[in-house]
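Those protein sequence lines, which keep their order, are chains A and B. Here the first sequence is numbered in my numbering, starting from 556 and rising by one per residue. Here the second sequence is numbered in my numbering, starting from 6 and rising by one per residue.
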Amino acid sequence: MTELTKRAPFRIRVEPRLSEMPAWYPALISFGALVVALILGGVLITLAGGDALLSYQHIAKASFGDTGVLSDTIVKATPIILAALACSVAFRMKLWNIGAEGQFIMGAFGASAIVLTPVLPAETSRWIFIPVMMLAGMAAGAAWGFIPGFLKAKFNVNEIISSLMLNYVAVAWVNFWIFGVWTEGGFQMSPKFPDGASLPRLLEYSKTFPALRGLTTHLGLLIGIVAAVILWLIIFRSRWGYEIRLIGDNPRAAQYAGINITNNIIYVMALSGALAGLGGMSEIAGVVHRLQTAPIAAGYGFTGIIVAWLAKLNPLAIIFVSILFGALILAGREIQPSGVPKMIQGIILVCLIASDFLLRYRIVISRGEE
Amino acid sequence: MDFTIILQAGIASGTVLLFATIGELFCERAGVLNLGVEGMMLIGAMSAFSVTIATGNPWLGVLAAMLFAGLISQIHAFIVITLQADQVVSGLSLTFLGAGISLVLGEGLSKAGTVSLLPNFSIPLLDMIPILGKIFFTDQSILVYIGYLLVPLSWYYINYTRPGLHLRAIGEYPSAADALGINVFRMRYFYVFVGGMLAGLAGATISLAVSPGWFSELTTGGQGWIAIGLVIFAQWDPFRAAIGSYAFGALRRLILDIQGPTLLLGFANPFYYNPYLGFFLQMLPYLFTVAVLVIGSREAIRKRIGAPAALGVPYVRGERGK
C-alpha cells in the first residue's frame, strides 16, 4: 500500500457481484448509459460546431410533437422492431448475425418478386397479396440467414464476416434487378406496386374515424408486435427457446445435455433471417411501395443490433426501444451535420457496453484505512 | 487490357488491405479481437484528407490518421481489457462510432479541392526486372514500398524477437506471461493501439493515394471487414496476409477494368455489352471473402492450427484457467 492511498479519506474497490441484483437495476443502468451517451454526443456536436441542445430539442419536437409526427416515428420504428428481433434471437445464442441488413434487403426483394415477376396478378385481393408477400419475404430472408448459419455449422466459418459480406452481395443483387430487369424508364427503381400489394394504413379509415386523417402508421406495426410476442413465447416458454438460451449461456453444458448445437445454429440463423426478411417486406409493402435500393438499404439492420443490445435481447422491450430509435432516425434526417444520428447511435452502443461492467461488478467505496 | 497494369494498380489497392490486415493481426496475436477496423479506417481516411487539406502536407495527414485511429482504438481497449466486456459487441460499436464521427467531422469535406498527394516513384534497377519490375517497382506510391517493408519486419518481429515472443505469449497463455512478469494489460493496450494506427494508415492510403478524396462511408466500402476475413485466411502470418491482400487488390482492379474493352480474350466482352452484369462483378470481392474464409477455416481444422488460444477472452488476474 502506498502512502497516497493510506492518507486518502476513502478507497474505491471493485469486486465481482455475487448476490442477485434487483430486477429494476439493469434497466436503471441502461437508462443511465443512455443519458451519458446523449451528454457525450452533445459535447461532440458542440465540438463539430453545432448546437447540441437545439439538436436534441429538434429531435424531440420532430418525432413526438403531435400525433402526426408520432405516427411517422412509429412508421420508422416498425422495420427496426423486426430487424432488432432478428438480431436478438441470434445474439441470444451468441451467434453474431450482423447480416440483418442483407436479410432485410433480401426480404424486400422476395416480397417484391411476388408483385413484379408477377407471381400474382395486379388485381389480386389485398388479403391474398399480403400473406403471400410475407411468406416470400420471410423465405428470402431465411435463405440469406441460412448461408452463414450453414457455413458456421459445417465449416466453422466466422458468421460475423460471412453475414456481413452477404449484405454487400444483397445490395448488388437488388441493384441488378431494378436496373436490369424491373427498371421503370431507366431509373433506379421498379414500377409502383398495385394497391392490393400494400399494407393498410390508418389514414385509409379516416372516413369512419376522422381522427385518423393523415396517419401513416401501417399494418407492419401489428406484424412487428405479434412477432415480438411470439418470439418472447419461443424464447422464454418453449423447449426450443430453453435450448437456445442454454447454448448461449453455456455451450458445453448444452452439449452434455444432448442438445444438437450444429442444427440449432442453422435453425436460429434461418429464423433470424426470416424475421429480418419480414421487416424488409413490411417496409416495402407499407412505406416504399416499389423496389428501390436507397430506402431499403438504409441501415435498419445495423440499428437493429444496437436496439437488440439496448433492450437486453428482450423481445418485448425491443418494441419500446425501437420507437426511441425511430424518433432518432426520423428527426435526424433534418439535423446538420447529417452524420449526427449515426454518431449518437455509436456512442449509445459504446456506453451501453461499458455500463455492463456495473452489472458484473460492484464498486465499493469504503472509508479510511482497512 | 494489359494485365501488368491491372496487377500494378492491384498492388496499390491491396496495400490498403495489407496495412489493415497486419494491424488486426498484431491485435489478434495479443488476444484481442477488434471488429472496429472499418470504423478506424474511416477515421483514418477522413483525418488524413482533412489534415492534408488544412496544412498542405500529406505526411502530417498520414500522421494524424495514425494518431486519431490509434486513439479511437483505445476506447475498444478500455472496454474489453479493463472492463472485460464482450469483444464482438464492443468492436461493432467501434465501427458505428468511427463511421459516425468521421461523417460528422468530414461533413462538407467531399467538396473540398484537390490535395497534394504522397509521391509516386520507381525504384532504380529493380524496375528493370521484366514484368515483376513493372508490377512491383514502377511508379508506385511510397506507401506501397512501406508496405513491402512492413511484411518481413512484422514476420521477423513476431517470430524472432523478444517482444514478439511476449506478444505471442499474451495471446496464447496470458496467465503464464503474467507469471513471467510481462504486463499483460499494458501490452494488450499497446497492440490494440498498433492495430488502430495501422488501420488509420490503411485509411490514409485510400484517401491520399489509391482513390484520393473523401466519399463518406463509400471511401472504405467494407474493406475493413475484408481485412478481418483476411486475418483468418492468413492464419495470423504476415506473409500469407500479404498474398491475400495483394490478390484482393488485384481483384478489385480487375473488376473495374474488365468492363472497358470490347473484346475479352478474343471473344465479345459480355461485361461491355451488358453493363448490368457489372453488379455481379461487384459481388465478387465479398463472395471471395466468404470463399477465402471457408478455405482458411477448413485448413485450420486440418492442420490443427488456429487462432491465438486466448483470442476474445478477457484476462482476469487470479482467475483459474487460461
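Glycine residues also receive a C-beta, built at the ideal position from the N, C-alpha and C atoms.
The alpha-carbon separation between residue 844 (chain A) and residue 86 (chain B) amounts to approximately 47 Å.
Residue contact check for residue 303 (chain B) against chain A: a CB pair falls below 9 Å.
Apart from the 5 residues on each side of it in sequence, residue 173 (chain B) sits with its Cβ closer than 8 Å to the Cβ of 34, 163 and 313 in its chain, given in chain order. For residue 93 (chain B), no beta strand (DSSP E) segment is defined; the enclosing uninterrupted segment is the alpha helix (DSSP H) at 92 to 110.
Excluding sequence positions up to five before and after residue 175 (chain B), its CB lies within less than 7 Å of the CB of 35, 36, 182, 187, 189, 192 and 193, all in the same chain and listed in chain order. If you look at residue 222 (chain B), you'll find it isn't in any beta strand (DSSP E); DSSP assigns it neither H nor E. Sequence-distant partners of residue 789 (chain A) (beyond 5 residues in either direction) whose C-beta falls short of 7 Å from its own C-beta, in its chain, are 795 and 796. Within the segment 111 to 141 of chain B, the residues whose Cβ lies closer than 7 Å to some Cβ of chain A are 112, listed in chain order. If only complete runs of 4 or more residues are kept, the segment 828 to 890 of chain A shows the alpha helix (DSSP H) at 848 to 851, 855 to 865 and 870 to 887, in order along the chain. By the neighbour-count criterion, in which 16 or more other beta carbons inside 10 Å mark a residue as buried, residue 126 (chain B) falls on the exposed side. With contacts defined as CB atoms closer than 9 Å, residue 662 (chain A) and residue 704 (chain A) fail to qualify as a contacting pair. Interface with chain B (9 Å Cβ-Cβ cutoff): residue 899 (chain A) is included. With respect to residue 738 (chain A), residue 757 (chain A) sits apart: the two C-beta atoms are not nearer than 9 Å. With respect to residue 22 (chain B), residue 207 (chain B) sits close: the two C-beta atoms are nearer than 9 Å. A buried status is given to residue 290 (chain B), since no fewer than 16 other beta-carbon atoms sit within 10 Å of its beta-carbon. Unbroken alpha helix (DSSP H) stretches of 4 residues or longer found wholly inside the segment 583 to 625 of chain A: 607 to 619, given in chain order.
Under the three-state reduction of DSSP output, residue 919 (chain A) falls in the strand class.
Chain-ordered listing is empty here: chain A has no CB closer than 9 Å to the CB of residue 228 (chain B), the nearest sitting near 11 Å. Shown here for residue 715 (chain A): same chain residues with a beta carbon closer than 7 Å to its own, the five before and five after excluded, namely 651 and 653 in chain order. Any Cβ of chain B closer than 9 Å to the Cβ of residue 915 (chain A) would place that residue at the interface, and such an atom is present.
With contact defined as three or more Cβ pairs closer than 8 Å, the segment 860 to 869 of chain A and the segment 633 to 650 of chain A are in contact. Between residue 204 (chain B) and residue 24 (chain B), the C-beta gap is smaller than 9 Å, which places the two residues in contact. Distance check between residue 607 (chain A) and each of A:722, A:619, A:582 and A:592 places A:592 closest, using alpha-carbon atoms only. Using a CB distance cut-off of 9 Å, residue 207 (chain B) does not count as an interface residue toward chain A.
Among the residues of chain B, those whose CB is under 7 Å from the CB of residue 911 (chain A) are 90, following chain order. A check of alpha carbon separations from residue 215 (chain B) across B:9, B:18 and B:11 identifies B:18 as the nearest. At a cut-off of 9 Å between beta carbons, residue 40 (chain B) contacts chain A. Fewer than three pairs of CB atoms, one per stretch, sit closer than 8 Å, so the segment 83 to 100 of chain B makes no contact with the segment 217 to 225 of chain B.
With at least 16 other beta carbons inside 10 angstroms of its own, residue 159 (chain B) counts as buried. When the beta-carbon positions are compared, residue 249 (chain B) and residue 100 (chain B) stay at least 9 Å from each other. Residue state for residue 125 (chain B) is assigned as strand, using DSSP reduced to three classes. If you draw a straight line from the Cα of residue 300 (chain B) to the Cα of residue 811 (chain A), it is about 30 Å long. The C-beta separation of residue 877 (chain A) from residue 635 (chain A) comes to about 4 Å, placing the pair in contact by the 8 Å criterion. Within chain B, no C-beta atom comes less than 9 Å from the C-beta of residue 866 (chain A); the nearest is roughly 14 Å away. Here residue 228 (chain B) carries a helix assignment [DSSP, helix/strand/coil]. Legend: CB atoms of the segment 862 to 886 of chain A lying less than 8 Å from CB atoms of chain B belong to residues 864.
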